[in-house]
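Engineer: Before anything else, here's the structure in question.
Number of protein chains: 6
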Amino acid sequence: MAVVPLVNDEEASVEALAVFNEIRQVRGTDYVNNFWRALAHDPVQLKSVWNNIQSVMAPGALDPLVKELIYVAVSTANGCGYCVHSHTASARAKGMTPDMHAELLAVVAMASQTNALATALGVPVDARFDPEQTKG
Amino acid sequence: MAVVPLVNDEEASVEALAVFNEIRQVRGTDYVNNFWRALAHDPVQLKSVWNNIQSVMAPGALDPLVKELIYVAVSTANGCGYCVHSHTASARAKGMTPDMHAELLAVVAMASQTNALATALGVPVDARFDPEQTKG
Amino acid sequence: MAVVPLVNDEEASVEALAVFNEIRQVRGTDYVNNFWRALAHDPVQLKSVWNNIQSVMAPGALDPLVKELIYVAVSTANGCGYCVHSHTASARAKGMTPDMHAELLAVVAMASQTNALATALGVPVDARFDPEQTKG
Amino acid sequence: MAVVPLVNDEEASVEALAVFNEIRQVRGTDYVNNFWRALAHDPVQLKSVWNNIQSVMAPGALDPLVKELIYVAVSTANGCGYCVHSHTASARAKGMTPDMHAELLAVVAMASQTNALATALGVPVDARFDPEQTKG
Amino acid sequence: MAVVPLVNDEEASVEALAVFNEIRQVRGTDYVNNFWRALAHDPVQLKSVWNNIQSVMAPGALDPLVKELIYVAVSTANGCGYCVHSHTASARAKGMTPDMHAELLAVVAMASQTNALATALGVPVDARFDPEQTKG
Amino acid sequence: MAVVPLVNDEEASVEALAVFNEIRQVRGTDYVNNFWRALAHDPVQLKSVWNNIQSVMAPGALDPLVKELIYVAVSTANGCGYCVHSHTASARAKGMTPDMHAELLAVVAMASQTNALATALGVPVDARFDPEQTKG
């Protein structure tokens with residue numbers, strides 16, 4: 003159940019509909035995800051998030067699939083079920099194989115385990131991790 | 003400040019010292035991180051975590067650097083300062099450039115933002131994300 | 003699906019029913035939220051939480067609407083879907099407009115993003131934030 | 003200890019220094035917080051975060067002090083010590099009194115408590131919270 | 003909705019089915035929880051998690067019921083609805099009474115509240131909590 | 003570094019000092035933890051938290067040591083370093099042995115791992131966990 007009604011095309015403002023149509027064009031599908039329809043009550047936020055995500059997830063020093071894996075990992079740790087679903091789907095669309103998915107889950111599980119141990123033990127950061135030490 | 007005293011070589015049990023020495027050999031350094039020294043009060047847990055991390059982080063369908071990036075992302079979302087430091091250091095040792103680091107942070111920041119929005123809006127998962135639909 | 007059966011009026015203990023009736027009176031409605039019906043298995047906890055929430059959310063140095071906005075923000079960051087729903091509804095009942103909701107979400111999203119960046123960068127607290135410096 | 007060296011004025015790129023100077027001008031102080039100095043390794047991210055925070059935190063349907071209170075609340079729930087410090091300082095600079103601070107903490111504590119209870123009880127969202135019900 | 007199809011007995015690999023059958027034998031029931039069926043896409047991970055959980059939750063210095071209470075507490079704080087359900091059920095099967103459940107929830111709620119307060123106040127760790135002080 | 007100055011005995015209000023003295027009497031020590039000194043800016047909150055913690059942590063269906071273990075577990079999952087330190091110390095004072103500590107950590111680590119897996123897999127709650135099924 004959404005906290006706000008999902009905005010359909012008829013209800014969307016001109017600015018929101020323009021973003022919906024850009025999403026359709028970029029993704030090559032008529033379907034617009036619920037996330038964008040929920041966000042459309044605030045067309046400025048909708049446009050800003052859509053633009054940022056386009057720019058952040060574009061190919062760069064990291065390739066788009068790696069970025070999606072990172073996105074799924076963060077969404078899992080933050081407990082966002084919606085985001086886990088949508089970005090696992092995006093990762094598959096960008097080439098994530100079942101083996102890659104299994105390894106992603108294994109790393110996320112391992113990290114969650116050692117995060118808890120390091121916190122429960124209050125482990126102090128090693129002096130050698132200080133980047134100021136290597137600064138000329 | 004640690005919750006337990008860090009175990010030095012002299013205080014370590016035979017089993018714990020064996021793991022310390024394996025860490026030294028695998029990593030090609032005499033230095034053993036505080037995390038392992040804090041964990042050494044429970045040599046069974048120490049050995050199990052060290053073995054698992056070796057196996058989970060090994061090359062596979064994902065390469066070791068990608069796995070480190072995922073590890074840093076999870077550690078950030080879980081708020082584990084120690085883990086962020088140690089795995090950012092590991093990622094650098096495995097070839098993470100400043101540009102890759104910057105893109106990692108940008109994805110983590112973007113995901114954190116949309117995770118919050120999806121949760122605050124209670125966005126329902128789209129039916130098309132259901133994997134049972136595509137099951138023969 | 004609840005972890006415990008929701009307690010209806012017939013099943014409620016005398017103490018729990020008294021709290022249900024006080025909720026009805028204060029809120030001017032016959033409806034008692036699922037949260038209270040789930041909590042009613044422990045009438046002492048039910049009464050204590052209801053009393054505390056009445057006192058904490060009352061007008062004071064901050065007005066009740068501002069308190070509801072803060073409640074929604076915390077519930078979002080903690081990933082509590084139920085609480086996001088119920089306190090967004092309360093905020094609306096206390097006068098939150100769609101524009102205020104949109105700005106609330108924008109601040110929550112912004113904070114989530116910079117929280118992640120500050121954690122991923124391990125930013126040390128500036129000495130000037132130390133309140134002991136300004137203590138006479 | 004930071005994960006990256008803090009960038010001082012001499013080390014900053016032209017783009018980063020321009021943001022530092024804009025921060026100085028807007029805030030009427032020569033001091034630039036550690037957060038911005040850590041972020042300055044990626045001038046594009048630095049500029050984007052600074053611009054967004056200016057626009058999100060500006061007066062609107064909610065006043066800037068209320069926005070800072072929300073920021074502190076989210077930062078607390080996300081466990082970001084740096085952000086709690088810096089935004090509590092900002093809230094004070096915008097007029098937060100000790101009484102307002104005390105009430106902020108009381109709401110954050112109350113919400114954290116009921117978030118945990120609602121999650122531990124798996125409370126299902128009441129049908130009446132569905133906004134689609136009230137959609138014409 | 004699961005992110006991956008749940009694996010039924012017919013679809014399971016030989017290795018996964020062997021774990022399913024071990025679960026049946028150990029628990030004395032034909033029923034295999036959805037968690038294991040979702041994990042079965044990666045039989046190595048399935049076997050490893052099942053083996054670890056058997057060993058970690060076994061009687062030791064802490065009894066199995068206490069371990070389940072701790073499991074429920076962590077799952078609540080991490081916001082994992084599935085885990086709250088399954089481990090509350092396990093705790094009941096191991097003897098958790100309604101009174102014990104109520105006290106568990108009260109402690110979890112209390113801890114969540116003071117965790118938030120300590121973080122919002124940035125309370126520094128008392129020197130006397132340092133275990134190195136008492137090290138001979 | 004605290005967000006507020008720690009309140010010493012001379013600076014404490016009459017109400018706050020009364021709580022400090024009650025803490026001293028109950029614990030049989032002159033030392034008052036930093037947590038209470040930070041909270042003392044709001045004597046009402048100080049008294050309320052102190053009273054609640056006395057009542058919640060008292061012997062009941064669960065014994066006080068088990069309650070401390072649960073407190074440490076929640077504090078770890080919530081990433082509250084201060085609380086991990088203070089409640090690990092309390093648990094030791096109430097009889098937690100190194101073996102019990104090691105098992106506590108093992109359960110917390112295991113739960114953190116499976117919480118992440120269940121969330122990343124979006125595992126749906128099994129119908130048999132529904133308590134309404136067993137309601138007469």
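Residue numbers (the working numbering), protein chains in the order written: chain A, 3 to 138; chain B, 3 to 138; chain C, 3 to 138; chain D, 3 to 138; chain E, 3 to 138; chain F, 3 to 138. Glycine residues also receive a C-beta, built at the ideal position from the N, C-alpha and C atoms.
If you measure beta-carbon to beta-carbon, which residues of the stretch 123-137 of chain B are closer than 9 Å to chain E?
Structural biologist: Those would be Val127, Ala129, Phe131, Asp132, Pro133, Glu134, Thr136, Lys137, in chain order.
Engineer: Which residues in chain F sit within 8 Å of alanine 79 of chain A, going by Cβ to Cβ distance?
Structural biologist: As a working mapping, residue 79 of chain A is identified with position 77 in the first sequence. Those are Ala118, listed as they occur along chain F.
Engineer: Figure out for me which residue from A:Leu119, A:Leu106, A:Gly81 has the closest Cα to the Cα of glutamine 115 of chain B.
Structural biologist: The sequence position of residue 115 of chain B within the second sequence is 113, counting from 1. Comparing Cα-Cα distances from glutamine 115 of chain B to each of A:Leu119, A:Leu106, A:Gly81, the minimum goes to A:Gly81.
Engineer: Pull up the CB-CB distance for leucine 123 of chain A and valine 5 of chain B, whole angstroms please, since I reckon it's below 8 Å.
Structural biologist: In the first sequence, counting from the first residue as 1, residue 123 of chain A sits at position 121. In the second sequence, counting from the first residue as 1, residue 5 of chain B sits at position 3. With 8 Å as the limit, leucine 123 of chain A and valine 5 of chain B qualify as a contact, their Cβ atoms being about 5 Å apart.
Engineer: Output needed for valine 28 of chain C: all residues of its chain with C-beta closer than 8 Å, excluding positions within five of it in sequence on either side, in chain order.
Structural biologist: Residue numbering aside, residue 28 of chain C sits at position 26 when the third sequence is read from its first letter. Only Gln56 meet the Cβ criterion.
Engineer: Using a C-beta cutoff of 8 Å, does methionine 59 of chain E count as contacting chain B?
Structural biologist: Residue mapping note: residue 59 of chain E aligns to position 57 of the fifth sequence, counting from 1. Closer than 8 Å: no.
Engineer: So, for alanine 75 of chain B: in the same chain, excluding its five sequence neighbours on each side, which residues have a beta-carbon less than 6 Å away from its beta-carbon?
Structural biologist: Along the second sequence, one-based indexing puts residue 75 of chain B at 73. The answer, listed in chain order, is Val110.
Engineer: Do alanine 93 of chain A and aspartate 44 of chain E have their C-beta atoms closer together than 8 Å?
Structural biologist: Residue 93 of chain A sits at position 91 when you count from the first residue of the first sequence. Residue 44 of chain E sits at position 42 when you count from the first residue of the fifth sequence. No; because the gap between Cβ atoms is not below 8 Å, this pair is not in contact.
Engineer: Take leucine 71 of chain B as the anchor and find which of B:Gly97, B:Ala118, B:Gly62 has the nearest alpha-carbon.
Structural biologist: Against the second sequence, residue 71 of chain B aligns to sequence position 69. Among B:Gly97, B:Ala118, B:Gly62, the Cα nearest to that of leucine 71 of chain B belongs to B:Gly97.
Engineer: Could you tell me whether the Cβ atoms of leucine 41 of chain B and valine 51 of chain B are closer together than 8 Å?
Structural biologist: Here residue 41 of chain B is taken as the residue at index 39 of the second sequence, counted from 1. Here residue 51 of chain B is taken as the residue at index 49 of the second sequence, counted from 1. In contact: leucine 41 of chain B and valine 51 of chain B (Cβ atoms closer than 8 Å).
Engineer: So, using beta-carbon positions, are aspartate 101 of chain D and alanine 63 of chain C closer together than 8 Å?
Structural biologist: Taking the fourth sequence and counting its residues from 1, one reaches residue 101 of chain D at position 99. Taking the third sequence and counting its residues from 1, one reaches residue 63 of chain C at position 61. Result yes, Cβ atoms of aspartate 101 of chain D and alanine 63 of chain C sit closer than 8 Å.
Engineer: Does cysteine 82 of chain C come out as helix, strand or coil in the three-state DSSP assignment?
Structural biologist: Mapped onto the third sequence, residue 82 of chain C falls at position 80. If DSSP states are grouped into helix, strand and coil, cysteine 82 of chain C belongs with coil.
Engineer: So asparagine 54 of chain B is in the alpha helix (DSSP H); what residue range does that whole segment cover?
Structural biologist: To locate residue 54 of chain B, count along the second sequence from 1; it is residue 52. It spans 45-58 - the alpha helix (DSSP H) in which asparagine 54 of chain B sits, taken as one unbroken run.
Engineer: Indicate whether alanine 118 of chain B and valine 58 of chain A have their beta-carbon atoms separated by less than 8 Å.
Structural biologist: For the purposes of this step, residue 118 of chain B is taken as residue 116 along the second sequence, with counting starting at 1. For the purposes of this step, residue 58 of chain A is taken as residue 56 along the first sequence, with counting starting at 1. It is not a contact, given that the beta carbons lie outside the stated cut-off.
Engineer: Are there 16 or more other CB atoms within 10 angstroms of the CB of valine 16 of chain E, so buried, or fewer, so exposed?
Structural biologist: For the purposes of this step, residue 16 of chain E is identified with residue 14 of the fifth sequence, where counting begins at 1. Burial call: exposed.
Engineer: Let me confirm a value: glycine 138 of chain B is counted as buried when at least 16 other C-beta atoms fall within 10 Å, else exposed. Which label applies?
Structural biologist: Against the second sequence, residue 138 of chain B aligns to sequence position 136. With a pLDDT of 45 at glycine 138 of chain B, under the threshold of 50, the modelled position of this residue cannot be trusted; read the value that follows with caution. Exposed, because fewer than 16 other Cβ atoms sit within 10 Å of the Cβ of glycine 138 of chain B.
Engineer: Please decide whether threonine 99 of chain F counts as near chain B, where near means a Cβ-Cβ distance under 8 Å.
Structural biologist: For the purposes of this step, residue 99 of chain F is taken as the residue at position 97 of the sixth sequence. It does not: the Cβ of threonine 99 of chain F has no partner Cβ on chain B nearer than 8 Å.
Engineer: Contact criterion: CB-CB distance below 8 Å. Does asparagine 35 of chain A meet it with respect to chain B?
Structural biologist: In the first sequence, residue 35 of chain A corresponds to position 33, counting from 1. So yes, asparagine 35 of chain A belongs to the interface.
Engineer: Keeping to the same chain, check which residues put their C-beta closer than 7 Å to that of proline 126 of chain F; ignore five residues upstream and five downstream.
Structural biologist: Mapped onto the sixth sequence, residue 126 of chain F falls at position 124. There are no such residues.
Engineer: Identify the contact partners of leucine 106 of chain C in chain A, using a Cβ-Cβ distance below 8 Å as the criterion.
Structural biologist: Here residue 106 of chain C is taken as the residue at index 104 of the third sequence, counted from 1. Chain A residues near leucine 106 of chain C: none, gap ~10 Å exceeds 8 Å.
Engineer: Count the other CB atoms, across all protein chains shown, that sit within 10 Å of the CB of threonine 99 of chain C; report buried if there are 16 or more and exposed otherwise.
Structural biologist: In the third sequence, counting from the first residue as 1, residue 99 of chain C sits at position 97. Exposed.
Engineer: If you draw a straight line from the C-alpha of valine 46 of chain B to the C-alpha of aspartate 65 of chain E, how long is it?
Structural biologist: Taking the second sequence and counting its residues from 1, one reaches residue 46 of chain B at position 44. Taking the fifth sequence and counting its residues from 1, one reaches residue 65 of chain E at position 63. Approximately 19 Å between the Cα atoms of the pair.
Engineer: In the stretch 83-98 of chain D, which residues sit with their C-beta less than 8 Å from some C-beta in chain F, listed in chain order?
Structural biologist: Answer set for the stretch 83-98 of chain D: Val86, His87, Thr90.
Engineer: In whole angstroms, give me the CA-to-CA distance for asparagine 54 of chain E and asparagine 54 of chain A.
Structural biologist: Counted from its first residue, the fifth sequence places residue 54 of chain E at position 52. Counted from its first residue, the first sequence places residue 54 of chain A at position 52. Approximately 42 Å, taken between the alpha carbons.
Engineer: Is it right to say alanine 129 of chain B is buried, meaning 16 or more other beta carbons lie within 10 angstroms of its own, or is it exposed?
Structural biologist: The residue given as residue 129 of chain B occupies position 127 in the second sequence. By the neighbour-count rule (16 or more Cβ atoms within 10 Å), alanine 129 of chain B is not buried but exposed.
Engineer: Where does aspartate 132 of chain D sit, in a helix, a strand or coil, going by DSSP?
Structural biologist: In the fourth sequence, the residue the question calls residue 132 of chain D occupies position 130. Aspartate 132 of chain D: coil per DSSP, three-state reduction.
Engineer: In the DSSP assignment, the alpha helix (DSSP H) including asparagine 35 of chain B goes from what residue to what residue?
Structural biologist: In the second sequence, residue 35 of chain B corresponds to position 33, counting from 1. No alpha helix (DSSP H) holds asparagine 35 of chain B; DSSP gives it neither H nor E.
Engineer: Could you name the residues of chain A that valine 110 of chain F contacts, counting a contact when the two beta carbons are closer than 7 Å?
Structural biologist: Here residue 110 of chain F refers to the residue found at position 108 when the sixth sequence is read from its first residue. Per Cβ cutoff of 7 Å: Ala118, Ala122.
Engineer: At the level of alpha carbons, what is the spacing between phenylalanine 22 of chain D and tryptophan 38 of chain D?
Structural biologist: Counted from its first residue, the fourth sequence places residue 22 of chain D at position 20. Counted from its first residue, the fourth sequence places residue 38 of chain D at position 36. Spanning the two alpha carbons is a distance of roughly 8 Å.
Engineer: Is the separation between the beta-carbon of alanine 113 of chain C and that of serine 77 of chain D shorter than 8 Å?
Structural biologist: Here residue 113 of chain C is taken as the residue at index 111 of the third sequence, counted from 1. Here residue 77 of chain D is taken as the residue at index 75 of the fourth sequence, counted from 1. Cβ distance < 8 Å, so alanine 113 of chain C and serine 77 of chain D count as in contact.
Engineer: Whole angstroms is fine: what's the gap from tyrosine 84 of chain E's alpha carbon to alanine 91 of chain A's?
Structural biologist: On the fifth sequence, position 82 is the one that residue 84 of chain E refers to. On the first sequence, position 89 is the one that residue 91 of chain A refers to. Approximately 21 Å, taken between the alpha carbons.
Engineer: Tell me the rounded alpha-carbon separation between alanine 14 of chain A and leucine 48 of chain A.
Structural biologist: Numbered from 1 along the first sequence, position 12 holds the residue referred to as residue 14 of chain A. Numbered from 1 along the first sequence, position 46 holds the residue referred to as residue 48 of chain A. Taking the straight line from one Cα to the other gives about 11 Å.
Engineer: Taking only beta-carbon positions, decide if valine 16 of chain B is within less than 8 Å of chain F.
Structural biologist: Along the second sequence, one-based indexing puts residue 16 of chain B at 14. Not one chain F Cβ lies under 8 Å of valine 16 of chain B.
Engineer: Go ahead and pull the three-state DSSP assignment for lysine 69 of chain F.
Structural biologist: The count along the sixth sequence starts at 1 and reaches residue 69 of chain F at position 67. Of the three classes helix, strand and coil, the one that applies to lysine 69 of chain F here is helix, per DSSP.
Engineer: Output needed for asparagine 36 of chain C: all residues of its chain with C-beta closer than 8 Å, excluding positions within five of it in sequence on either side, in chain order.
Structural biologist: Here residue 36 of chain C corresponds to residue number 34 of the third sequence, with the count starting at 1. Cβ neighbours of asparagine 36 of chain C beyond the five flanking positions: Ala4, Leu8, Tyr84.
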